[in-house]
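Here the numbering used here runs 58 ahead of the position in the sequence shown, where the first position is 1. Everything on this sheet refers to the single structure shown next.
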Amino acid sequence: MASNAPNLECRMYEARYPEVDTAVMIQVKNIEEDMGVYASLLEYNNIEGMILFIELSRTRIRSVGSLMKVGKQEPVMVLRVDKDKGYVDLSKTRVDEYDIAICGERYSKSKLVHSILRHVAETMQLDLEDLYIHVGWPLYRKYGHAYEAFMLIVADPDTILNSLTRKVNEVGPDGQEVMTKLVPALTVEVKDALIENITKEVKDALIKNIKKHIEAMRKAEATGNDDFPVKMKLVVPPLYVLTTQTLDMEQGIMVLTNAIQACTEAIDSHKGKLVVKEAPRAYGQLPFQEEVTWMGEIGVDGPVGVLD
C-alpha cells in the first residue's frame with residue numbers, strides 16, 4: 059500500500075556536498091581499527107564520510123576507539139569529495155580551534171532552522187526539500203544564513219516572507235503551457251505556521267542562552283569577596299566585562315583570572331565557548347585605588363540575542 063506521507067528527509071544546505079577545506083559536523087557511525095572511522099555528515103542528510111587512520115591523530119595511537127566514540131558528534135575537515143561515487147574523505151587532525159568554533163556555531167544555527175522547517179513540513183504535510191527550495195535556501199542566499207532571517211522574522215515577518223516567490227506554469231485550454239508566472243512561495247496557512255514556529259523556537263533559544271550566561275556570570279562573581287568584589291556586566295551581546303577594585307594590583311589580577319576560569323567552566327559545561335578579548339589589566343581610577351578589568355565574549359550553542 060503506497061504511503062502519502064511527505065518526505066521529511068533533506069540536507070540543510072543547497073549544495074549536495076560540502077566544499078573541500080571546510081569544517082563539517084559529523085557523527086561517528088562505525089570504527090574499524092585497521093582502516094579508520096565511518097561517519098555521517100549531519101548537515102548533508104547524513105551522507106557517509108570516512109576518516110582514514112592517518113587523519114585521526116598527528117601522534118601515534120594504539121586504538122582508534124581512544125580518540126573517537128560511536129555516536130560522538132564533532133567538527134572535522136573535508137579533504138576530498140568524489141561527487142560521482144559519493145565519497146567524502148575527512149580529517150580530524152586538520153581542524154584548529156577557529157574551525158571548531160565556526161563549525162559549531164554554524165551547525166547550531168542550521169540545526170535550529172532545520173528543526174523548524176521539518177516540524178512545519180510534518181504538521182502541514184509538505185515535502186521538506188520543497189520547503190527548503192522555496193524558503194530555506196533563498197534565505198540562506200540572501201542573508202548568509204537562514205537563522206539570521208529567522209531572527210528578523212520574529213520582529214517583521216511580512217517583509218521577509220512576502221518577498222519569497224515560486225514559479226508556476228499556467229496551462230491553456232488545449233493543455234499546453236502558455237506562460238510562467240511568479241506567485242507567493244507560501245500559502246497563508248503555511249506562512250502562519252512558519253511564523254508561529256520561528257517565533258517560539260527562536261525566543262526559546264535566546265532565553266536558554268541568556269539563562270546560561272546569567273549562570274556563568276554568577277559563578278564568576280561568586281569568586282570575589284568583600285576585599286575583592288567581582289562584578290560582571292554586559293557591554294553588548296555577547297561581550298561582557300569583569301571588574302574589581304583593589305589596592306593590591308597583583309591580587310586583583312589573580313582574582314579576575316580565577317573569575318574568568320569559573321566563567322569558562324560554566325560555559326564549557328553547556329558546550330559553549332569563552333573567548334578572552336583582553337587579559338586582566340589595572341588602571342588608576344581614584345588616588346590610591348586601582349580598578350582591574352577583563353573583557354571577553356561568551357557564547358552558548360551559537361548566537362546570543364537580547365529579547366525586547
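Even for Gly, the Cβ is constructed at its ideal location relative to N, Cα and C. Predicted model only: the values in this text are computed from it and were never measured.
In this structure L99 does not touch P133 by the C-beta definition: roughly 11 Å separates them, more than the 8 Å allowed. Shortest Cα-Cα distance from S115 to any of K150, N227 and G144 involves K150.
When DSSP states are grouped into helix, strand and coil, Q183 belongs to the coil group. Taking each of V288, F111, V226 and D232 in turn and checking the Cα distance to L314, the smallest one comes out for V288. In the three-state reduction of the DSSP assignment, S173 falls in the helix class, which pools H, G and I.
In the structure shown, the three-state DSSP call for T281 is coil.
Using a C-beta cut-off of 8 Å, the segment 141-156 makes no contact with the segment 181-193, since fewer than three inter-stretch Cβ pairs fall below that distance.
With a threshold of 16 other beta carbon atoms within 10 Å, G330 meets it and is buried. The continuous stretches of alpha helix (DSSP H) do not include S221, and DSSP gives it neither H nor E.
Going by C-alpha positions, R74 is about 11 Å away from N104. Q319 sits in a helix when the DSSP states are folded into three classes.
Shown here, A63 sits in coil according to DSSP, grouped into three states, outside any helix or strand.
Look at E247 here: in three-state DSSP terms it is helix.
In this structure, the straight-line span from the alpha carbon of L297 to that of H271 is close to 11 Å. For T238, DSSP records a beta bridge to N227. With contacts defined as CB atoms closer than 8 Å, L219 and K239 fail to qualify as a contacting pair. Counted as a single uninterrupted DSSP element, the alpha helix (DSSP H) harbouring A213 occupies residues A204 to A213.
For V178, same chain residues with a beta-carbon under 8 Å away, outside a window of 5 residues either side, are L184, L189, V248, A251, L252 and N255 in chain order.
Under DSSP, L314 forms no beta bridge with any residue. By the Cβ-count criterion, Y156 is exposed, with fewer than 16 other Cβ atoms from all chains shown falling within 10 Å of its own Cβ. Taking all protein chains shown into account, N227 has fewer than 16 neighbouring C-beta atoms within 10 Å of its C-beta and is therefore exposed. Put simply, of P64, A243 and E72 the residue whose alpha carbon is nearest the alpha carbon of G202 is E72. For D284, the closest of A274, S221 and T304 by C-alpha to C-alpha distance is T304.
Between the alpha carbons of K87 and R164 lies a distance of about 22 Å. The straight-line gap separating the alpha-carbon atoms of G94 and M108 is approximately 7 Å. Nearest C-alpha to D79 among V241, Y145, K335 and V139: V139. Here the alpha carbon of I84 sits roughly 25 Å from the alpha carbon of E323. When the Cα atoms are used, A337 and Y102 turn out to be separated by approximately 39 Å. Only residues of its own chain outside the window of five on either side were considered, and among them M70 and E101 have a CB closer than 7 Å to the CB of S168, listed in chain order. Assigned with DSSP and collapsed to three states, V128 falls in coil, not helix or strand. Closest by C-alpha distance to V299, out of V246, K127 and M290, is M290. Secondary structure at S115: coil, using DSSP grouped into helix, strand and coil.
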